[in-house]
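Reviewing the structure listed below.
Residue numbers (the numbering used here), protein chains in the order written: chain A, 3 to 390; chain B, 2 to 328.
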């Protein structure tokens, strides 16, 4: 495990690829942006943040909206507005699934005719445009392409909001599996010359009855075209898998301390371990202040909740003020008690997750949503070791 | 409200990950069951969370009764396929399908809509056969649900003939009937969930013919202070105010000797955090209300501070929803 002294700064300094993952809604994109911004500001070099689906205002702030698959440099003006002079460069790119698939087909297609036939195939358009699984693969593929270009010192990647947080880890292997599967051979065997074996017969029976033979033929045609790209795809998928396992790559598991996301984070850490992938750090977002755990605070809250009138009468100037103050004090006591319960539960969760990771970063509840570079840096500073 | 939410036959509950759609699914189902509706609640995104909200063991494809009138099940594509083959095709090969499941997985991935139509088909089937008065589906998260609800139409376009195509007609009849089927979008009063909710509502209207039944805003914080209380609160946060507060508290309760200015400041900061959160959330709720059609019911469920899981949380959310829809 990484040294805890340098915290997330150490994790970022030691790696070329950092992949943030975790369940939906925990602040993965913001964390990826914050880490990349801090690396560019403090450590220098060329840093790219590759995001999948940023909030619109953040995308706008980073100048990402019109660019699709283009990598764009965060302008000096944005840094100036955030009051920072960075040591390095921050670049950002958004994943355009459709465009990335098209690029991949152009790269691997054996000839122009096959390329055009695939790009025009309705099944291809459906698969690449609509289906979540295709994001997983293409995100990893794009990462590989960017990393091997050598254009960046550090790439921070935000993972897609998959149904199952680990899907994208398996995407390259699944793709390779698929191309070498017996099923694909069955599918693309021309119907007249199909050698119906004992093994394939139930498949045809079911597939024909469910899908209808015309649809099967459509699928077959698509995969016959696609198979021409077999070698390229399998080689790439293997390279992407190797890259994920490379010691230059680390994963950062992002979570809040709510029960659902915490469970998911813990599960994700298990999966990383099982796959021999490197857990660089755990980042916890929206953490409540420690003061909520103070027993003296709870004592105060109890008095305020139960004896607000008595306390108010001792402070107030007149009966009218005492009534207002009484309401205020009761609310203060109740809300402290409410948040203290949440904070206790979260402290337990935090302890459990901290035992699993060498580096744990915590970001407090912020007053505003992160919508610009300054916001990303505020989050980043919470994760950075204090300097001086 | 022109049409009562729980008078429908099929509700798809969706929303961005982490907003509590499973809790709301459980609560809606529980509420309907309490009012005598024979109710089935299905988990599609098989994380096993739904069972926790009824404090029951992990559920499988076979529905399990968890309270009077209420059954819970977990939907998997593979078992839906198995049942479909058994019911629709009377295939004598059921026993041999085991090793096929993995192969079918590929076909389902390759052939768009097949996986989705098995899911939608199963729940619509339960409605068609009148096995239940209400089927609540804890559906997939925002983005994917559009593909799921649009699957029968997608299949209709892609597949020209065959058994699957023949099945899409009755499914669409049920799905496209606003009196029978509706989508409930769950959100929280935060920026991203609200933005995604409004985008999803737009996509549902543009890309599917399934009606939006309601939007549920979950984890809404109570209003803490009016203007006058807030001014008084600010006065309290000065050094002088805190000094007076500590003295008064010690005077009122002899056991509160540990309470000092630092403790009082932290307590007031915690209340400030509550006020700030509540105010930011109120702004997001305004954005949500303004972005929705005026006819769309917007239901509020308060933040539950005590527990986020278990049957008690389900009951509390059900009670909040009951107040909101007057059911």
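By construction, the Cβ of each residue, glycine as well, lies at the ideal position given by its N, Cα and C atoms.
### Task
Give a yes or no on whether the minimum CB-CB distance between residue 329 of chain A and chain B is below 7 Å.
At a cut-off of 7 Å between beta carbons, residue 329 of chain A contacts chain B.
### Message
Can you confirm whether residue 325 of chain A, when its beta carbon is compared against all beta carbons of chain B, has any partner nearer than 7 Å?
### Response
no
### alpha helix (DSSP H) segments (min. 4 residues) lying fully within the stretch 10–97 of chain A
30–40, 58–63 and 78–83
### Any C-beta of chain B under 7 Å from that of residue 309 of chain A
yes
### Query
Where does residue 190 of chain B land, buried or exposed, given buried means 16+ other C-beta within 10 angstroms?
buried
### Task
Please confirm if residue 300 of chain A has its CB atom under 7 Å from at least one CB of chain B.
no
#### Entry: Three or more C-beta pairs below 8 Å linking the stretch 278–290 of chain A and the stretch 258–265 of chain A
yes
### Query
Does the Cβ of residue 346 of chain A have 16 or more other Cβ atoms within 10 Å, making it buried, or fewer, making it exposed?
exposed
### Task
In angstroms with no decimal places, state the Cα-to-Cα distance between residue 137 of chain A and residue 216 of chain B.
28 Å
### Message
Considering only the alpha carbon of each residue, which of B:262, B:233, B:289 and B:327 lies closest to residue 330 of chain A?
### Response
B:233
### Task
Please say whether residue 42 of chain B and residue 187 of chain B have beta carbons closer to each other than 7 Å?
no
### Task
Tell me whether residue 320 of chain B sits in a helix, a strand or coil according to DSSP, three-state version.
helix
### Query
List, in order along the chain, the chain A residues whose C-beta lies closer than 8 Å to that of residue 206 of chain B?
Within chain A, no residue comes near residue 206 of chain B; the closest Cβ sits about 18 Å away, beyond 8 Å.
### Query
Residues of chain B with a CB under 7 Å from the CB of residue 294 of chain A: which are they?
271
### Query
Of all the options A:328, A:304, A:305 and A:306, which has the alpha carbon lying nearest to the alpha carbon of residue 315 of chain A?
A:328
### Message
With distance defined between alpha-carbon atoms, name the residue in B:87, B:28 and B:85 nearest to residue 67 of chain B.
### Response
B:28
### Query
If we ignore side chains and look at the alpha-carbon of each, how far apart do residue 313 of chain B and residue 268 of chain A end up?
25 Å
### Query
Pick from A:96, A:17 and A:43: whose alpha carbon is nearest that of residue 80 of chain A?
A:43
### Task
Identify every residue that forms a DSSP beta bridge with residue 257 of chain A.
A:286
### Query
Looking at the structure shown, is residue 173 of chain B part of a helix, part of a strand, or coil, going by DSSP?
Judged by DSSP in its simplified three-state form, residue 173 of chain B adopts helix.
### Task
Pair every Cβ in the stretch 118–132 of chain B with every Cβ in the stretch 60–79 of chain B, then say whether three or more of these pairs are closer than 8 Å.
yes
### Message
Which residues of the stretch 225–243 of chain B have a Cβ closer than 7 Å to any Cβ of chain A? Give them in chain order.
### Response
From the stretch 225–243 of chain B, only 225, 226, 229, 230, 233, 234 and 237 have a Cβ closer than 7 Å to chain A.
### Query
For the candidate residues B:316, B:127, B:69 and B:64, whose alpha-carbon lies nearest to that of residue 85 of chain B?
B:127
### Query
Under 7 Å between C-beta atoms, does residue 235 of chain A make it to chain B?
no
### Nearest-angstrom Cα separation, counted from residue 104 of chain A out to residue 120 of chain A
9 Å
### Message
Per the DSSP calculation, residue 363 of chain A is bridged to which residue(s)?
### Response
A:285
### Task
Name the residue from A:272, A:91 and A:227 whose alpha carbon lies nearest to the alpha carbon of residue 171 of chain A.
Of A:272, A:91 and A:227, the residue nearest in Cα terms is A:272.
### Message
Using 7 Å as the threshold, is the C-beta distance between residue 41 of chain A and residue 160 of chain A below it?
### Response
Not a contact, by the Cβ cut-off of 7 Å.
#### Entry: Which listed residue (A:111, A:45 and A:127) has its alpha carbon closest to that of residue 12 of chain A
A:45
#### Entry: Closest Cα partner of residue 106 of chain A within the set A:342, A:143, A:382 and A:363
A:143
#### Entry: Through-space distance from residue 295 of chain A to residue 85 of chain A, alpha-carbon basis
34 Å
### Query
Under 7 Å, do residue 252 of chain A and residue 89 of chain A count as touching if we go by C-beta distance?
no
### Query
When you compare only the Cα positions, how much space is there between residue 226 of chain A and residue 13 of chain B?
So the two alpha carbons sit approximately 38 Å from each other.
### Query
the stretch 245–267 of chain B: which residues have C-beta closer than 8 Å to a C-beta of chain C, in chain order?
Considering every chain present, this structure includes no chain C. Its protein chains are A and B.
### Query
Touching or not, the stretch 252–272 of chain B and the stretch 292–312 of chain A, by the rule of three or more beta carbon pairs under 8 Å?
yes
### Query
Of all the residues that make up the stretch 14–27 of chain B, which are near chain A by a beta-carbon distance shorter than 9 Å?
17, 18, 19, 20, 21 and 23
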